[in-house]
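Numbering (our numbering), first residue to last: 29 to 341.
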């Protein structure tokens, strides 16, 4: 595969194009992977679209919890669309060429949507905290205006930081190999290709990871600590079971997403194992979005009832 560079008069070689290696190390499985990821992508689109539709049209689901779930499902569709279609195209064509600008754009959207997911999961945890720990004030505290503000903040809060970080990373000199051992443009493999000093970039990645993953994660843990404490105080066994059922779905999603994302972005240095990094990325970009609709529907009686009601028409 031919590498494309641009050489200026000063004899400095500037990278014009990258090559995503993806899963080229297992050539015999390319078509199997293509079929598998295509089915996964279509199932993510369909299942999340069903959740969006059912939470919009069913009157019993017009509550803050399902308003957040509706937005979360839409976010998941956007999140996987940034990575999987490109990966499918590379598997189909057996080429991974991606322009410098397209690579930067993909990284920017992956980070932006990933940060939004972290913040939206935190808002969902806060919603459950108020619902269980302060039920009398719940309608007042979690009114529609507050919910809209929380969702809007989740979507836009990280935009300036992500754009700044992406510009900072892609302003580095890339004068060596242009082969990215990954299936999308992610921070760790891109930093490996930089031939300049990446110390400032690594610090920026750590700071962003702490702000957008660790801080929200700690807030979620504190919220659920208080939630579990309150649930255990409930006298009704049925009430405890219902509260645990409602919260456990969200907690499972949080553990799956935060666990893999934290491992990836809290060790962005070039010595990160490439295969482990790729596997971790598959977890939070493909596997978790695939499992989320299943977790939220199969473990949620309200959505299952609404689905049965619509299917019975």
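Ideal placement from N, C-alpha and C gives every residue a C-beta, glycine not left out.
Item: Residue 337 versus residue 65: straight-line alpha-carbon distance, rounded; Value: 31 Å
Item: Residue from 152, 78, 61 with nearest C-alpha to residue 112; Value: 61
Item: Assigned exposure category for residue 118 - 16 Cβ within 10 Å defines buried; Value: buried
Item: Span of the alpha helix (DSSP H) around residue 46; Value: From DSSP, residue 46 is part of no alpha helix (DSSP H) but of the beta strand (DSSP E) over 45-48.
Item: Rounded separation between residue 151 and residue 291 - CA only; Value: 22 Å
Item: Inter-residue spacing [alpha-carbon to alpha-carbon] between residue 81 and residue 44; Value: 42 Å
Item: Test item: CB-CB of residue 194 and residue 135 under 8 Å; Value: yes
Item: DSSP-derived helix/strand/coil call for residue 54; Value: coil
Item: Residue 237 and residue 86 closer than 8 Å at C-beta; Value: no
Item: Exposed unless 16 or more other CB atoms sit within 10 angstroms - verdict on residue 306; Value: buried
Item: Residue 220 burial status per 10 Å Cβ neighbour count (16 or more: buried); Value: buried
Item: Inter-residue spacing [alpha-carbon to alpha-carbon] between residue 261 and residue 275; Value: 16 Å
Item: Interface flag, residue 141 vs chain B, CB-CB below 8 Å; Value: No chain B is present in this structure, which holds just one protein chain.
Item: DSSP state of residue 205 mapped onto helix, strand, coil; Value: coil
Item: Beta strand (DSSP E) segment containing residue 127, residue limits; Value: 125-127
Item: Residue 334 (DSSP reduced to helix, strand or coil); Value: helix
Item: Boundaries (first-last residue) of the alpha helix (DSSP H) holding residue 253; Value: 243-260
Item: Beta-carbon proximity check, residue 198 vs residue 126, cutoff 8 Å; Value: no
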